[in-house]
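Participant:
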Ligand SMILES: [Zn+2]
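In the numbering used here, the protein residues as written are 1 to 238.
#1: Going by the C-beta, is residue 167 closer than 8 Å to any heavy atom of ligand 1?
#2: Please determine whether the Cβ atom of residue 145 lies at a distance below 8 Å from any heavy atom of ligand 1.
#3: Give me, in chain order, the residues of the same chain whose beta-carbon lies closer than 7 Å to that of residue 152; leave out the 5 immediate sequence neighbours on both sides.
#4: Is it buried or exposed for residue 124, if we count other Cβ within 10 angstroms and need 16 for buried?
#5: In the DSSP assignment, the alpha helix (DSSP H) including residue 78 goes from what residue to what residue?
#6: Looking at the strands, I want to know which residues DSSP matches up with residue 26.
#7: Cα separation between residue 188 and residue 195?
#8: Please report how far the alpha carbon of residue 229 lies from the alpha carbon of residue 72, in whole angstroms.
#9: Out of 58, 6, 9, 214, which one is the CA nearest neighbour of residue 82?
#10: To the nearest angstrom, how far is the alpha carbon of residue 15 from that of residue 55?
#11: Helix, strand or coil for residue 49? Go by DSSP, reduced to three states.
#12: Nearest-angstrom Cα distance between residue 26 and residue 145?
#13: Throw me the rounded Cβ distance for the residue 87 and residue 2 pair, which I believe falls under 8 Å.
#14: I need the straight-line Cα distance from residue 30 to residue 44, nearest angstrom please.
#15: So for residue 6, helix, strand or coil by DSSP?
#16: Compare the Cα-Cα distances from residue 131 to each of 89, 142, 48, 225 and report the closest residue.
Structural data, given as structure tokens:
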């Protein structure tokens, strides 16, 4: 469950990410009032039993068999904001590649804690972009085709919505990627998630990369991630 919203006086509408059906909206009638209503907390992973009323175009939750409630996601502000951002990203993908996103988000929810939340979000964002076939190449400039020099700072080409070499930069260094950060993205993307989480990154680099990947996602997908502001705000406070 990646979203839960109050509907009318007593109901809730849940958004579920199904590996098979993509995004599925279901209503829990009487969730605010009735003790007998099925209870499910945000970020719960479960087998959800749904009654699909095709005539009324409504689906309601009948029951669920819990796999994990991912209570760690709600254990701190950092983890809550990170889980909320990852959920919002999945929502912006509109149910495309739902199997890959389900697999990724459930593993990220499993592993998320107060110490690793920046790295988890960074990995999550670059992996969703890679799945969508966006900004996958951190070795060659997609505009001129030239291989990046080892110490090159990348710019951004707004028409391709992709990082590019410094000569092809169309944003006046407004979205730059330093060489060590580029190597981190390139190398960690070539490994499975558990190995990628083992890469050592200084806290300073984590903060910079977190900002970078959020702006990269916004630019590449033409969205404005609302949950990102809360997460970045925390970073500027501590
Ligand atoms: Zn170029």
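The beta carbon of each residue, even a glycine, is placed where N, CA and C say it ideally should be.
Facilitator: Taking the coordinates as given:
#1: Set against 8 Å, the gap from the CB of residue 167 to the closest heavy atom of ligand 1 is smaller.
#2: yes
#3: 165, 166, 179
#4: buried
#5: Where residue 78 is concerned, the enclosing alpha helix (DSSP H) stretches over 77 to 92.
#6: 14
#7: 8 Å
#8: 21 Å
#9: 214
#10: 20 Å
#11: Residue 49 falls in the strand class under three-state DSSP.
#12: 47 Å
#13: 4 Å
#14: 19 Å
#15: strand
#16: 89
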